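Written below as structure tokens is the structure these notes are about.
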Amino acid sequence: MGTTDHDGEPQESGTWFGNFSRRTFIQRGTLTAAAVGVVGSVPGLSGLLAGGASEAPAAEADATEFEAGGGTLTEPLVAHVKDLSTGEISLFQGERQVLIRDPALASRLFSAVRP
Amino acid sequence: MSSHREAPEISKDPVADSTDLYAFVSPDDPNTVTLIANYIPLQAPGGGPNFYEFGEDVLYEIHIDNTGDGNPDISYQFRFTTVNNIPSSFLYNDGPIMSLTPPSASSNWNRQQTYSLTRVDHHGWGWGWGNGQTTVLGNGLLCPPCNIGPLSTPTYESLASAAVHQLSAGGHSATVFAGQRAEGFYVDLGAVFDLGDLRPFAGDHAGAKAAGLLNGMPGVNSTAAVNVHSLALQVPTAELTRARPEGPSDPAAVIGVWTTASRQQVRIGFGGGDDCFQTGPWSQVSRLGNPLVNELIIGIGDKDSWNTQPPTADGQQFLHYFAQPLLATLLPGLYPGVFPLLAKYNSVPTNTRPDLEAILLTGIPPTVIPGFTNYNGTGVKADQLRLNTAIRPSSSPNNLGLLGTPVGDVAGFPNGRRVFDDVATIELRAVAGATLPLVDSAFSADAAAGGVSFGLTSGQSDLTAMNTEHYLDRFPYLGTPYSGFSNPSSTPVSVAP
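Below is the structure:
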């Protein structure tokens, strides 16, 4: 995710205990399923991630280039928008979690699921 | 129970619910240590057609701390895969299961599990999940079926024997078994959770008169006819200790053991049966070291959190539960006049329980019991089952282990835990004050502290809980699972068919 516009290095969380209580784990899982989609399986979401052609900031062009470069989604990728104001998004894939900050992306994802 | 359904959240997730943990020097092969972690509590033997199985989406681990810092130095990881051999059938099997063979469409056995076993060496890799040098000891290892009955599993012992695998890879070796076994833990659940009216002493209970309870009633082994799923390992001792110990007094002889179950942090289901996926880092949902810790020591508001934490958390946010356990303060009230010395000790707010901290959190230092120690060498407080691997198995085991009389059996709990150890009685006596004089010479225990029991054994040499348990004298030591056809019955049948 190094090509995404985040204000710092991605923070990987792989510790086996972390700070997840079982209840918050389940709650977070529910919020994740409710608030975001599985990238690649939700129609139109890949367009959101790539950014609209007319409004994409420069950094998002990098993301578009990454996708155009032949990346293949071989296993599910899940994004959890944790905080709209800071743009904190947790990305889950395989046994990894990567934390990024991208307020614009967070806002667009939120807009996509608003009724 | 030892750790069955011991916390609100894990009680809703049986496949990830650790129930008991055993660690002992193998009596028939003393150069090895046997580690057994049980999961999936209180299995009704006839509970089909979807009989019990490990979770494909659960990471099961047995950890070993051989440096005393509270963190794992070695972990063994079990990961399971499930196959429907006959997807069109609703049955567990459509004919007798006569041999253990890899999954196949021509099999009589419909739903079958295999697993991988990976050893992780954390030394030099830093602390944290996924850090370590991994060695895959085995892949596609076969589990036995559940014990269904005389027509489905007529030769159950041979199926279970075929599921014992000898593994060797990367300079490491292990004997392993993963599958259903008879529950080996014995306890009178009905009594202990009915405000502690232990049947042999119920007449002394505060509520005896109102309920018409009398002394001398025999205990009831509530787990006598149920099954569990076991992860059993037998490993050369030299592969578990940090160095070859020079003898029982060498700190290098002591290992701390605990088991965990973890789930990935994200699960998304699409509403179509098993049409779902999990992703993300593993998040611990169950933990077990010494028996009954989360069950009887930790407060209900912290039990779920405790399950998610590493053992090192015990010396921090959970220490107050060990220092002043609630059960010790309740006993004098439940049994008026029976524990006056314990009541007096409890009445001093600054008094703590260093005996319980030693037994459960650090191991017993060398000066407490002459000739014995299972101290971790650092004083780091962490709930781990601590085993001094240099102590040879006893030729005449005592089910009260170190609390046996007139001489304690140093090969038994709390020096590790053997399958037949009466851990419920041992811990109850310790909580009642029987072990406090070992570390506080000013304290004398109440006479009742050394005599209280659940009434489930005929004496200290009884290794069958009055013929309600049927352990094996060889790996995996826990008995043949109770057959679904034959149990429940008025006379539980512990062997197939």
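Chains X and A, in that order, are what the protein sequence lines are.
For the first sequence, my numbering gives the first residue as 27, with consecutive numbering after it.
For the second sequence, my numbering gives the first residue as 6, with consecutive numbering after it.
Positions of the beta carbon are idealized from the N, C-alpha and C atoms, including for glycine.
None of these values were measured; they are calculated from a predicted model.
Would you say residue i and residue j are within 9 Å of each other, going by their C-beta atoms?
i	j	result
residue 121 (chain A)	residue 144 (chain A)	yes
residue 205 (chain A)	residue 460 (chain A)	yes
residue 29 (chain A)	residue 20 (chain A)	no
residue 370 (chain A)	residue 41 (chain A)	no
residue 418 (chain A)	residue 470 (chain A)	no
residue 347 (chain A)	residue 210 (chain A)	no
residue 16 (chain A)	residue 203 (chain A)	no
residue 429 (chain A)	residue 296 (chain A)	yes
residue 114 (chain X)	residue 287 (chain A)	no
residue 367 (chain A)	residue 247 (chain A)	no
residue 267 (chain A)	residue 18 (chain A)	no
residue 167 (chain A)	residue 105 (chain A)	yes
residue 178 (chain A)	residue 125 (chain A)	no
Would residue i count as contacting chain X if we go by Cβ distances under 9 Å?
i	result
residue 10 (chain A)	no
residue 270 (chain A)	yes
residue 287 (chain A)	yes
residue 282 (chain A)	yes
residue 273 (chain A)	yes
Does any residue of chain A have a CB that is nearer than 9 Å to the CB of residue i?
i	result
residue 103 (chain X)	yes
residue 10 (chain X)	Coverage of chain X is limited to positions 27 through 141, which leaves residue 10 (chain X) absent and any answer about it impossible.
residue 136 (chain X)	no
residue 122 (chain X)	yes
residue 89 (chain X)	Because residue 89 (chain X) carries a pLDDT of 38, less than 50, the predicted location of this residue cannot be relied on, and the following value inherits that uncertainty. Taking Cβ atoms only, chain A never reaches closer than 9 Å to residue 89 (chain X), which makes this a no.
Please report the Cβ distance between residue i and residue j, rounded to the nearest whole angstrom; I am assuming they are in contact, meaning their Cβ atoms lie under 8 Å.
i	j	result
residue 239 (chain A)	residue 180 (chain A)	4 Å
residue 69 (chain A)	residue 364 (chain A)	The pair is not a contact, with the Cβ atoms about 19 Å apart (cut-off 8 Å).
residue 123 (chain X)	residue 270 (chain A)	7 Å
residue 490 (chain A)	residue 154 (chain A)	3 Å
residue 402 (chain A)	residue 388 (chain A)	With a Cβ gap of about 24 Å, residue 402 (chain A) and residue 388 (chain A) do not count as contacting.
residue 200 (chain A)	residue 212 (chain A)	7 Å
residue 443 (chain A)	residue 360 (chain A)	6 Å
residue 390 (chain A)	residue 26 (chain A)	6 Å
residue 230 (chain A)	residue 46 (chain A)	Contact flag wrong, Cβ pair sits at about 14 Å.
residue 189 (chain A)	residue 474 (chain A)	6 Å
Applying the criterion that 16 or more other CB atoms from any shown protein chain within 10 Å of the CB defines a buried residue, is residue i buried or exposed?
i	result
residue 55 (chain A)	exposed
residue 8 (chain A)	buried
residue 281 (chain A)	exposed
residue 327 (chain A)	buried
residue 220 (chain A)	exposed
residue 432 (chain A)	buried
residue 503 (chain A)	The shown model of chain A, from 6 to 502, leaves out residue 503 (chain A), and the question about it has no answer.
residue 412 (chain A)	exposed
residue 298 (chain A)	buried
residue 11 (chain A)	buried
residue 100 (chain X)	exposed
residue 184 (chain A)	buried
residue 150 (chain A)	buried
residue 349 (chain A)	exposed
residue 82 (chain A)	buried
residue 331 (chain A)	exposed
residue 293 (chain A)	buried
residue 472 (chain A)	exposed
residue 116 (chain X)	buried
residue 187 (chain A)	buried
residue 420 (chain A)	buried
Does the Cβ of residue i lie closer than 8 Å to at least one heavy atom of the ligand FMN?
i	result
residue 351 (chain A)	Among the components of this structure there are no ligands whatsoever, and the ligand FMN is therefore not found.
Quick check on residue i - is its C-beta less than 9 Å from some C-beta in chain D?
i	result
residue 324 (chain A)	The structure shown contains no chain D; its protein chains are X and A.
Practice task
Pair every Cβ in the region 294 to 313 of chain A with every Cβ in the region 43 to 62 of chain A, then say whether three or more of these pairs are closer than 8 Å.
Solution key: Segments in contact, no.
Handout entry: Contact between the region 65 to 80 of chain A and the region 311 to 331 of chain A (3+ Cβ pairs under 8 Å)
Key = The region 65 to 80 of chain A, when compared against the region 311 to 331 of chain A, does touch it at the 8 Å Cβ threshold.
Practice task
Would you check if the region 223 to 235 of chain A and the region 251 to 269 of chain A touch, i.e. whether three or more CB-CB distances between them fall below 8 Å?
Solution key: No contact exists between the region 251 to 269 of chain A and the region 223 to 235 of chain A.
Practice task
Examine the Cβ distances between the region 449 to 458 of chain A and the region 431 to 438 of chain A and report whether three or more of them are shorter than 8 Å.
Solution key: Contact holds: three or more Cβ-Cβ distances are below 8 Å.
Handout entry: Validate contact between the region 151 to 171 of chain A and the region 89 to 108 of chain A using beta carbons, cut 8 Å, 3 pairs
Key = Yes, since at least three Cβ pairs between the region 151 to 171 of chain A and the region 89 to 108 of chain A fall closer than 8 Å, the two stretches touch.
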